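Under this note's numbering, think of the first position of the sequence shown as 179, with each following residue one higher.
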Amino acid sequence: LVWVGQFFRDLIIGLYKIPEQLSADEKKEAMASLMQYLSPGEKEVVAAIEMNLSKIGMDTAIRFIYIGRSDIFSRGNISAIIGTFKLFNTLNLNGFRPNKLASTSVDYFFKKRREYAKKRRLLNAYKLRMFTSKPFVLNIEEWATIYHYPTYIIEAPTVRRIEAKKGEPPIGLPT
179 LVWVGQFFRD
189 LIIGLYKIPE
199 QLSADEKKEA
209 MASLMQYLSP
219 GEKEVVAAIE
229 MNLSKIGMDT
239 AIRFIYIGRS
249 DIFSRGNISA
259 IIGTFKLFNT
269 LNLNGFRPNK
279 LASTSVDYFF
289 KKRREYAKKR
299 RLLNAYKLRM
309 FTSKPFVLNI
319 EEWATIYHYP
329 TYIIEAPTVR
339 RIEAKKGEPP
349 IGLPT
């Protein structure tokens, strides 16, 4: 209840007093003084946020649909797809998680009927390219990592291979 009184006090003072602006140097000094109290993990998070903000960001929504006959349908395939996105998660930074509203599971009454209706709604939304959730922002580096996943088997056709001979170890190397 204290905040209500503070709000009205600030509102009345704001009618008569000109807002004070901090100069750029004062803002940097205030931020520097706060940075010294952060733990190393928090400093890493701030550095990662600054790095992400320095790149171009785009609204993104990642959707997939898995359809199969009941005799070959496997929930393990869904887990495998979700697992590929969980590779990008980190403990102290952002990560991917499935949208519960876009899953086909239902609870309680009329389970089969409601599950069937939900599956039909999701399929129609997928056909019409409608999204069931808000988009999130990915920068261009994150996009490139997701869609061009780095592997060890990448072949570069323009790079020439050079044969190398296997040499002997140096004489003074301890064994």
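Here a beta-carbon is modelled for each residue, glycine too, at the ideal position from N, C-alpha and C. If you're wondering where the values come from, they're calculated on a predicted model, not measured in any experiment.
Exercise for the section: For the alpha helix (DSSP H) containing Asp237, list its first residue and its last residue. Expected result: Sequence index remark: in the sequence shown, residue 237 carries index 59 (1-based). Unbroken run through Asp237 is the beta strand (DSSP E), 235–238; no alpha helix (DSSP H).
Handout entry: Cβ neighbours of Ala226 in the same chain (closer than 8 Å, five flanking residues each side left out)
Key = As a position in the sequence shown, residue 226 is number 48, starting the count at 1. The answer, listed in chain order, is Leu271.
Practice task
Please classify Leu265: does DSSP put it in a helix, a strand, or coil?
Solution key: Here residue 265 corresponds to residue number 87 of the sequence shown, with the count starting at 1. In the structure shown, Leu265 sits in coil (DSSP, three-state: anything other than H, G, I, E or B).
Practice task
Kindly examine the ligand MG and report whether one of its heavy atoms sits closer than 7 Å to the Cβ of Val223.
Solution key: This structure simply doesn't include the ligand MG, nor any ligand for that matter.
Exercise for the section: Under 7 Å Cβ to Cβ from Arg291, same chain only, skipping five residues before and after it: list those, please. Expected result: In the sequence shown, residue 291 corresponds to position 113, counting from 1. Excluding positions up to five away in sequence, the list is empty.
Practice task
Compute the distance between the beta-carbons of Pro313 and Thr238, then report whether it is under 8 Å.
Solution key: For this step, residue 313 is matched to residue 135 along the sequence shown. For this step, residue 238 is matched to residue 60 along the sequence shown. In this structure, Thr238 lies closer than 8 Å to Pro313 by Cβ.
Handout entry: Same chain, Cβ closer than 7 Å to Lys297, five either side skipped, listed in chain order
Key = Residue mapping note: residue 297 aligns to position 119 of the sequence shown, counting from 1. Correct list, in chain order: Thr282.
Problem - Proximity winner among Tyr286, Ala342, Ile240, relative to Arg275 (alpha-carbon distances) - result: Stepping through the sequence shown from its first residue, residue 275 is reached at position 97. For the residues Tyr286, Ala342, Ile240, the minimum Cα distance to Arg275 belongs to Ile240.
Exercise for the section: Identify whether Asn317 lies in helix, strand or coil by the three-state DSSP scheme. Expected result: For the purposes of this step, residue 317 is taken as residue 139 along the sequence shown, with counting starting at 1. In this structure, Asn317 counts as strand in the three-state DSSP scheme.
Exercise for the section: Below 8 Å CB to CB, which residues in the same chain sit around Val223 once its five sequence neighbours on both sides are set aside? Expected result: Position 45 of the sequence shown, counted from the first residue, corresponds to residue 223. Closer than 8 Å at Cβ, skipping near neighbours: Asn270, Leu271.
Exercise for the section: Could you name the residues of the same chain whose beta carbon sits closer than 8 Å to that of Lys233, not counting the 5 residues immediately before and after it, in chain order? Expected result: Sequence index remark: in the sequence shown, residue 233 carries index 55 (1-based). Taken in chain order, the residues that qualify are Asn317, Ile318, Glu319.
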